[in-house]
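What follows is a single structure, written as structure tokens, with notes after it.
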Amino acid sequence: MSADAHDIDPDPDVAWKQWHEHRVAAVSAPYGPLALIGTHWLADYPEGRIPAVPGRWRTTGAGVTLAAAAEDGISLDGEPFTGDVVLAADGSPPSHSRIAAGDVRLVVIRREGEWAVRVFDPASGARAAFAGIEATPYDPAFVLPGRFQPYAQDRTVQVENADGRARGLGLGGELSFDFDGATHRLQVAVDEDDGSLWAVIGDATGGRSSYRFRFLRPGVPAWGSPGTESGGAPIVVDLNRVQLPPCAFADHFICPFPPPGNTLPFEVAAGERRLKAALATGI
């Protein structure tokens with residue numbers, strides 16, 4: 017089950033408060049999203065030298081090769097490192113290793129075949145200025161029964177990302193639910209590891225009283241329940257747990273915008289809304 021799945025607690029209000037506290041702790045952690053100070057695409061640095069990032073970085077058929085000298089001050093898995101090492105994308109074993117330069121952590125990512133190095137600094141200005149996440153208290157009216165119907169074949173749609181570039185967003189099916197007398201449908205991705213659903217959504221509060229778009233992670237559909245063969249699988253759509261995307265915390269994330277049809281026509285006055293003390297122009 018995904019980390020964003022519903023907490024098991026007999027009191028849903030208590031469970032929501034626990035979820036919210038966990039989210040605040042996670043985003044404000046030393047190497048959480050608030051610590052990201054740079055995403056450097058290696059294609060922009062053909063000589064392998066990234067300004068203010070130690071070492072020499074080059075793409076290879078196996079991943080990214082980092083060449084480090086003693087003066088670079090780089091550590092690998094907590095030990096001083098010199099020489100060459102091949103790194104895979106973050107979270108891709110077996111060659112993924114923890115790279116750091118002092119307190120700064122360096123992470124390799126890959127998007128649509130392009131490689132980049134991300135820099136996380138626990139002393140970032142965004143982390144120091146963080147005052148919390150503005151969130152609406154739990155409201156049972158936003159807990160809705162839904163159904164998930166997978167596509168016969170996975171789809172990829174091109175959507176604009178927060179950095180202004182269009183990239184492919186993989187989609188595995190459709191999530192439907194009723195609200196205020198109407199049926200609404202969202203295109204959702206399916207996690208390859210645990211089968212949990214994930215959607216990028218907009219709504220009538222976006223850019224006004226909430227961040228311009230948010231993420232919905234409703235968990236894993238209840239496959240095996242009655243009616244799943246013909247009508248999809250049941251799943252709870254809890255809009256109390258919509259959350260801010262990483263790019264709400266740092267400009268260097270490349271979050272996808274909602275795909276066509278994923279902007280709800282009503283106000284989702286629930287869940288995470290924006291950073292506390294956010295200016296109207298920054299939500």
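Each residue of the sequence shown is one higher than the last, beginning at 17 in this note's numbering. Beta carbons are placed, not taken as given, at the ideal position from N, Cα and C, and that holds for glycine.
Across the set Ser44, Leu52, Ala31, Gly287, the C-alpha of Leu52 shows the shortest separation from the C-alpha of valine 120. For glutamine 169, the enclosing beta strand (DSSP E) starts and ends at 159 to 176. Listed in chain order, the non-local C-beta contacts of phenylalanine 158 below 6 Å within the same chain comprise Leu255, Asn256, Ala286, local neighbours out to five positions each way being set aside. Comparing C-alpha distances from glycine 129 to each of Gly184, Pro250, Arg233 shows the shortest one belongs to Gly184. Within the same chain, and ignoring the five residues on either side of glycine 64 in sequence, the residues whose Cβ sits closer than 7 Å to its Cβ are Arg72, Trp73, Arg74.
The segment 193 to 210 and the segment 269 to 278 touch, with three or more beta-carbon pairs separated by less than 8 Å.
By the neighbour-count definition (other C-beta atoms within 10 Å, threshold 16), aspartate 137 is a buried residue. Annotated three-state conformation of valine 30 is helix, per DSSP. The criterion of a C-beta distance shorter than 9 Å is not satisfied by isoleucine 270 and arginine 171.
For the pair phenylalanine 164 and proline 250, the CB atoms are nearer than the 9 Å cut-off. Annotation for glycine 64: no alpha helix (DSSP H) segment contains it, and DSSP assigns it neither H nor E.
Judged by DSSP secondary structure, arginine 127 falls outside any alpha helix (DSSP H) and instead within the beta strand (DSSP E) spanning 120 to 127. When the beta-carbon positions are compared, phenylalanine 193 and glycine 162 come within less than 9 Å of each other. Sequence-distant Cβ neighbours of alanine 117 in its own chain, meaning closer than 6 Å and more than five residues away, are Pro70, Gly89, Ile90.
Bridge partners of glycine 218 according to DSSP: Thr279.
In chain order, Val40, Leu291, Lys292 place their CB closer than 8 Å to the CB of glycine 148, counting only its own chain and leaving out the 5 sequence neighbours on each side.
Using a Cβ distance threshold of 9 Å, alanine 220 and proline 261 do not count as a contacting pair. The three-state secondary structure of leucine 255, taken from DSSP, is helix.
According to DSSP, serine 192 shares a beta bridge with Arg163, Arg201.
Per the coordinates, the alpha-carbon of phenylalanine 97 lies some 10 Å from the alpha-carbon of leucine 82.
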